[in-house]
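Comments concern the structure below.
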Amino acid sequence: MSEEKKITNTIGLPPGTLVHVGEEQSKKISISMIEYDNENLTRKEITSIDECFPISDTDTVKWINITGLHEVDVIENVGKYLDLHALILEDILNTEQRPKIEDFENHVFITLKMLTFDEEDYEVDLEQLSIVLGKNYVISFEEKAVNALDILLNRLKKNGTRSRFMNADYLAYCMIDIVVDNYFELLDKINNRIEFLEDELIENPTSDILQDIYELKRELISLKKSIWPLQEIIGALLRLNSSLINPSTLFYLEDVFDHVRQIMDTVDIYRETVSGMLDTYRSSISNKLNDIMKFLTIFASIFIPLTFITGVYGMNFNFMPELNWHLGYYIAWSIMILITVGMVAFFNKKKWL
Amino acid sequence: MSEEKKITNTIGLPPGTLVHVGEEQSKKISISMIEYDNENLTRKEITSIDECFPISDTDTVKWINITGLHEVDVIENVGKYLDLHALILEDILNTEQRPKIEDFENHVFITLKMLTFDEEDYEVDLEQLSIVLGKNYVISFEEKAVNALDILLNRLKKNGTRSRFMNADYLAYCMIDIVVDNYFELLDKINNRIEFLEDELIENPTSDILQDIYELKRELISLKKSIWPLQEIIGALLRLNSSLINPSTLFYLEDVFDHVRQIMDTVDIYRETVSGMLDTYRSSISNKLNDIMKFLTIFASIFIPLTFITGVYGMNFNFMPELNWHLGYYIAWSIMILITVGMVAFFNKKKWL
Amino acid sequence: MSEEKKITNTIGLPPGTLVHVGEEQSKKISISMIEYDNENLTRKEITSIDECFPISDTDTVKWINITGLHEVDVIENVGKYLDLHALILEDILNTEQRPKIEDFENHVFITLKMLTFDEEDYEVDLEQLSIVLGKNYVISFEEKAVNALDILLNRLKKNGTRSRFMNADYLAYCMIDIVVDNYFELLDKINNRIEFLEDELIENPTSDILQDIYELKRELISLKKSIWPLQEIIGALLRLNSSLINPSTLFYLEDVFDHVRQIMDTVDIYRETVSGMLDTYRSSISNKLNDIMKFLTIFASIFIPLTFITGVYGMNFNFMPELNWHLGYYIAWSIMILITVGMVAFFNKKKWL
Amino acid sequence: MSEEKKITNTIGLPPGTLVHVGEEQSKKISISMIEYDNENLTRKEITSIDECFPISDTDTVKWINITGLHEVDVIENVGKYLDLHALILEDILNTEQRPKIEDFENHVFITLKMLTFDEEDYEVDLEQLSIVLGKNYVISFEEKAVNALDILLNRLKKNGTRSRFMNADYLAYCMIDIVVDNYFELLDKINNRIEFLEDELIENPTSDILQDIYELKRELISLKKSIWPLQEIIGALLRLNSSLINPSTLFYLEDVFDHVRQIMDTVDIYRETVSGMLDTYRSSISNKLNDIMKFLTIFASIFIPLTFITGVYGMNFNFMPELNWHLGYYIAWSIMILITVGMVAFFNKKKWL
Amino acid sequence: MSEEKKITNTIGLPPGTLVHVGEEQSKKISISMIEYDNENLTRKEITSIDECFPISDTDTVKWINITGLHEVDVIENVGKYLDLHALILEDILNTEQRPKIEDFENHVFITLKMLTFDEEDYEVDLEQLSIVLGKNYVISFEEKAVNALDILLNRLKKNGTRSRFMNADYLAYCMIDIVVDNYFELLDKINNRIEFLEDELIENPTSDILQDIYELKRELISLKKSIWPLQEIIGALLRLNSSLINPSTLFYLEDVFDHVRQIMDTVDIYRETVSGMLDTYRSSISNKLNDIMKFLTIFASIFIPLTFITGVYGMNFNFMPELNWHLGYYIAWSIMILITVGMVAFFNKKKWL
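Protein chains in written order, with the working numbering: chain A, 35 to 387; chain B, 35 to 387; chain C, 35 to 387; chain D, 35 to 387; chain E, 35 to 387.
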């Protein structure tokens, strides 16, 4: 629950104070400026954010991608140029921010979580992606360089693709689509983890596995909690009725909305699977106890009458006729073997063997 | 959970890219063109999709059924003729698509899941059925040849039936009705499976059955998840207010809607039944442990005092009067028999026997 | 779950096909025609349904009651005379139909379930009652002769009662009221069953009772599922705004609505009670195991040290001083008795006895 | 579940039949007539209900309180004077009626449940309080004399209090407020019961306590079910928009509404507490079993090797060197003591002691 | 559950009676008057509440903070000056009041709970904070001096901060924000407690921990119950449409609203974690029982055959050839060692060691 531990960082500060909440990073912020229309695409790495502004009023789509959030004044400058609300800037910097959408006259602000399943610690990691969508521009803020945005860039580079024909709102949609696609990847990895634990559970049900299953269960709950706001955001976008979003893009957003619901369903099924694993674990413990007790019972029950017989002929009465019989000892053994056979047959009939 | 494993196939691709997601198939796509009105019905097997278009503006109902989705260009051609949206084509091809309905000016697009219960693996298999409903035509896309559509064709062949009098929307309704009827069949098979497992559970409650029950439980959850969108789709159709759907057909759709809700209820009752089976399994394990321990306790408790008595007369004290009694040995046996009878009576009274 | 087994009977048939779904019956259909106003009431047993139609447009209330659904053509004729929709006729004949209400211009169609608790099999039996309410008539269709409608007839026979002053819609309300009253009777019987099982559970908690409790639990779920549509139907009637239902009758319907909600609450409390019984059963098994193990532990713990002492003096060392003591044997017995008393006191203090 | 047992009393009777459903009472009905305005308050005990009617159209508030419901004709007379609907009269008399509110042109009818926790049987008892609120009068019907209405009367007797300034609707509000206050008292008593059972559970967890806890759980569910309609009723009053309720009274009703929600929350917390107690009970049984088995295991494990050693030297081999050693017997004892010490140390290390 | 115990304090009193419900305090009430605008800030400690009123109609924001609620007449005076409703005054004084919001023409009344986690008793303590927001003033009522309001004052003291530019509604928002921030702190402490208990659970799972976990669970439920009304209050503020709240402040309120939802999510995840801990506890008890029984079974199973063998050669038959063998004793030992080794190998293979 690493995300919960940091929640108090901004407590006591007045609202709107710009503080980067997240891991400190020494690397410099990197800024890319991509500008494209149907025919041309240019990409520039920029050192100072001031080069990008003011955003020219041409028909080309401008995409400014800012990687790294630890230089507060860069974000502050963007805010000044675009006239962003102080709380929006706080939201961009606070990487513990709940996903949200805010609709303004000149821009729409969206902040999302990109989830990746860390396959070493079996934990879900969260990266925040904030998007400011304007008339002909998209500004994206990411904590670390995320592989996903590179994919988007590569797609844009191809001439004649749909992305190149469409407006800035379609670019924003593409980002959301990539984030949602990421969830599918995550589900896939969680599925692998579930299958691994299911196998472990059958082969070697230790109490460590119990801990692992509970952790997985918790990850799934936390996952569900983080998909809810995503569903809300896309739902809000669909109902937004903003001039910034074209009707043709709405249709694509509906498609993403469907994907999010499919993710929700899958998470529910996974949760049920994990609950089943916990039950299986408990049943396996009970079964093991049954096996142990069955063994003890069978073993003890066979020897108890035998030991009794040896006890009988170990008594020291002066007058015990059997002791003087020549075959007495052998008869005693025979009786003991008969009893053993009888007991085994009895347990066999009871299906305990 | 075979359907989950394939979910990542289209990740990273730009939205609207036409790729067939599903099992590869070498068989050629087969296309049927059925045209009928109240008096005549013609059926043609077609080799090239271009023969069907443009759809003539006559009053007859045209039903084009396309079996097999692996030839992307066929689907693409249909899309071009009917002016279908790129995402609709993607949905037709992506057999992992969540059931959905999309309403356009000139056509309504519906994609459904046909469920069949594979009685060998005890798994629910899904086949996708997509329907494009236009003014006087229905185009249906199915992954594999589904038995159900043949039934529909046979019904159409009979002159004078209601299907022949009604419009294309009624044909689409018939398809939905057949899909829903399929769910009933599925429930019937699941019921058989439940009854089989219930019997097994009583006769021979092994931990394998536990696995089977959990699998069934998961199938039921997954089933419920797939019926939800079906309910939504029919509900959406009822509220659609589209000129493509006649009021008289609405009434039939309400009937199907009721059926879907009945299916939901039945699934809930089945889930409860399966939960009860899990409880029964757990109780049977506890009962078994009780039986084992009862046996051990009774057995041990009877012999413990007997063995003690043999121990007493096995002591080597020089002066032990009983040892010299002539009937000492027989008296010892009598005491031991008395104790045994007493213990049995005691356990009998305690109702442990 | 007898009702589920029949659900596939109409699969594959075109919608609206008139087939009687239910047990075959050889007895002839019986048709009663009751006609009444404030002053007169006449009752006729009718052989052919054609005698009833067309329904005269007088102010008297006409009630046609049809018992038995196996003669499809009778129902079909009613349909023709009243211009009933084909699906309505199908619903009347399909006794597995989910309760529903359909509002037409000239009549309202309601189909309900009459539940009875079979006290021999401890199962809930369902009888279907369909009602067609017109301007001045009510047609009721019942599968078998139901005692409840006789009660209604007797009530009508009394001059000057409210039923005689009111219109056909009040007659329909009375039928619904009787169906709902029936649920109360059912709850009463289920309550008896619960109390019986509760007593059994305390006196003799066998695994058969577990099965009985689960069955009861399932009946309650199935009951709840069948009350839901009833609530919906009455709710729909209240909102219907049909000219066929007088405002004065609405008030009575609200009363029935309240009753249905009370039934829902009671079913919920029963379900909770049954869940508690299952918990009690499990606890009783655990308690029994504890008792068994306590007995074994106490019994074994008392004899274990005694047997050890007899073992000590059963050793054959040449030099064992105690063996030669004259009182050695009695001292050994004294020690053993002391140990026994001590152990008993110990277990007493531990409150295990 | 005493209330459920009576539910069938009116089954089979035509709706609106006036029958007193509840315990038979021989005491006569008592009728009080209180009339007050800001300056004067008069109270009369009345023998015949006819003295109260017609209610004069003055500005004073008239409160007629009728205690006892077994004289049906008294209630019937009230109904005639006020023109109450037959079903309302039935609701007043049927003390198993679900709490409800009915809004008429000239009066509002409210029926409530007054709950008291019987501290002898630990059961929740219900008394019904019905209120008819008119323009300048309130008629209250109670099953038995309830202490709560006396409190209200005493409050009214004080000159210059708010109650005296306000209209009849405020008087009705005061009654509802007293009923809700009663719930808080009930919660307090349930809290005591919970604390008592919690203590018992720790000191002496018998299976009787399990029964008590389940009963408490059931009472809480039944309590929740009876608060739901109360919440609905007050909510309905708030939305009623009736000329009979002044805006200034609405504010007070909102306050009661808040109280009801607080009661709901508290009941939920209590239910959770009781669930926790059930879990604790189960854990305590498991812990007890562990203790028993630990004892047996430790005890048996210490003596098992000792008894084995005595067995070894109880063997009758002719040639056993130890038997002839002079210190053999003492050496055997030493070994046995050593083993005992070793075992104790071992169990100590395992933290089983 | 200390808050529940006091709930009956005002039962039986007429509504609106001013009684301080809460712990009695002897300290005098302290009143601060802070007045500020963008340029100046003055703070006065006031002895009589009358000095503050009437509130001058200037543009400066006036903040009157009253600490201590035990002097009823002070509160009553405030009520008179501001024309507060009697029930509002009752709400201010009743510290068991459910959080609520009331909207009047000239002021908005909000009452909130400030939660602190008492790290000694591991209990959640509640302090009530009531706010009256007027056109240019905020009156805050707190039970005890709360650290949080000092923080707010310090923030205000800094010239040029946003708080100083904004109106009274922003001041009220700041108070709500601080209350919500407090919840995060609380969650942090609960997180610590969870982690502590998780560690304890693994190291030393006693039944005391079970009690601690249940207490924590109950605290979380009670926490959730107290966050619900907070969410409602802020939601109501957002929809209030009151002239007292500026649109610019709404945006900040939306931010707090998001925080509250994040708190809800975290509480849900914590609840799930605590449920998991309970399951772990139960599993650890079962595992312990398994360990105990495994030990007993292994230990007993090894010695049972050995003791049998010593019994055999302890028998007193006259003719037992082995007894006369010279190596008989050593052979017996060899057999016993062999059996021991065999049993150990067997248990090793079974993975019980």
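Glycine included, each C-beta is placed from N, C-alpha and C at the ideal position. Quantities reported herein were computed from a predicted structural model and do not represent experimental measurements.
{"Item": "is_contact[G376 (chain E), chain A] using C-beta, thresh 8 Å", "Value": "no"}
{"Item": "Any C-beta of chain B under 8 Å from that of A334 (chain A)", "Value": "yes"}
{"Item": "Assigned exposure category for A206 (chain C) - 16 Cβ within 10 Å defines buried", "Value": "buried"}
{"Item": "Local conformation of I63 (chain B) per DSSP, three classes", "Value": "coil"}
{"Item": "Pairwise C-alpha distance: L231 (chain E) and T42 (chain B)", "Value": "Here T42 (chain B) scores only 46 on pLDDT, less than 50, and its place in the model is too uncertain to base an answer on."}
{"Item": "Exposure label - A379 (chain C); buried when at least 16 CB within 10 Å", "Value": "exposed"}
{"Item": "Residue span of the beta strand (DSSP E) that contains I279 (chain B), given as start and end", "Value": "That residue, I279 (chain B), is in no beta strand (DSSP E); it is neither H nor E in DSSP."}
{"Item": "K40 (chain D) in three-state terms, based on DSSP", "Value": "For K40 (chain D), the predicted structure reports a pLDDT of 41, less than 50, and the residue's modelled location is therefore unreliable. A value from the coordinates is still provided. Coil, per DSSP."}
{"Item": "Amino acids of chain A, ordered along the chain, whose beta-carbon sits closer than 9 Å to that of G327 (chain B)", "Value": "Contrary to the premise, residue 327 (chain B) reads as Met rather than Gly in this sequence. Within chain A, the residues near M327 (chain B) are M327 and T331."}
{"Item": "When B:N140, B:T145 and B:E356 are compared against R132 (chain B), the one with the closest alpha-carbon", "Value": "B:T145"}
{"Item": "9 Å Cβ cut-off: residues of chain D touching A366 (chain E)", "Value": "V346, M349 and F351"}
{"Item": "Listed by chain order, chain B residues near F342 (chain A) by CB distance under 7 Å", "Value": "F337, L340, T341 and T344"}
{"Item": "Proximity test, Cβ basis, 8 Å: K114 (chain C) and chain B", "Value": "no"}
{"Item": "Short CB-CB distance (under 8 Å) between I267 (chain C) and chain B", "Value": "no"}
{"Item": "I365 (chain A), buried or exposed, once every other Cβ within 10 Å from all chains shown has been counted against 16", "Value": "exposed"}
{"Item": "Reduced DSSP category for V172 (chain A) - H, G, I as helix; E, B as strand; rest coil", "Value": "strand"}
{"Item": "Uninterrupted alpha helix (DSSP H) stretches inside the segment 264 to 337 of chain B (no shorter than 4 residues)", "Value": "none"}
{"Item": "DSSP beta-bridge partners of L164 (chain A)", "Value": "Before going further, note that residue 164 (chain A) is Ser rather than Leu in the sequence given. According to DSSP, S164 (chain A) bridges with A:T145 and A:F175."}
{"Item": "The segment 248 to 268 of chain B / the segment 213 to 232 of chain C touching (three or more Cβ pairs under 8 Å)", "Value": "no"}
{"Item": "Beta-carbon gap between A120 (chain B) and G168 (chain B) smaller than 8 Å", "Value": "no"}
{"Item": "Assigned secondary structure, I126 (chain D) (DSSP; H/G/I helix, E/B strand, else coil)", "Value": "helix"}
{"Item": "Collapsed DSSP secondary structure at N99 (chain E) in the structure displayed", "Value": "strand"}
{"Item": "Min CB distance M354 (chain B) to chain C below 8 Å", "Value": "yes"}
{"Item": "Any chain E beta carbon closer than 8 Å to I126 (chain A)", "Value": "no"}
{"Item": "R132 (chain B): contacting residues in chain A (beta-carbon distance under 9 Å)", "Value": "D292, H293, R295, Q296 and D299"}
{"Item": "F175 (chain E) and L103 (chain E) closer than 8 Å at C-beta", "Value": "yes"}
{"Item": "F329 (chain E) classed as buried or exposed, judged by whether at least 16 other C-beta atoms fall within 10 angstroms", "Value": "buried"}
{"Item": "The segment 62 to 75 of chain C contacting the segment 99 to 116 of chain C, beta-carbon criterion three pairs below 8 Å", "Value": "yes"}
{"Item": "Boundaries of the beta strand (DSSP E) in which L387 (chain C) is found, first to last residue", "Value": "Per DSSP, L387 (chain C) belongs to no beta strand (DSSP E) and is neither H nor E."}
{"Item": "Bridge-paired residues (DSSP) for E32 (chain C)", "Value": "The requested residue 32 (chain C) does not occur in the structure, where chain C is confined to residues 35 to 387."}
{"Item": "C-beta neighbour in chain A for H360 (chain B), strict 8 Å", "Value": "yes"}
{"Item": "Nonlocal neighbours in the same chain, by C-beta distance under 6 Å from G113 (chain E), ignoring five residues either side", "Value": "L123"}
{"Item": "Near-chain E residues of the segment 246 to 275 of chain A - C-beta to any C-beta below 7 Å", "Value": "Y248, K251, R252, I255, S256 and K259"}
{"Item": "Among A:N128, A:I279, A:R252 and A:G376, the one whose alpha carbon lies nearest that of E177 (chain A)", "Value": "A:N128"}
{"Item": "Min CB distance N324 (chain B) to chain A below 8 Å", "Value": "no"}
{"Item": "From D:F381, D:N193 and D:I247, residue whose alpha carbon lies closest to that of D325 (chain E)", "Value": "D:F381"}
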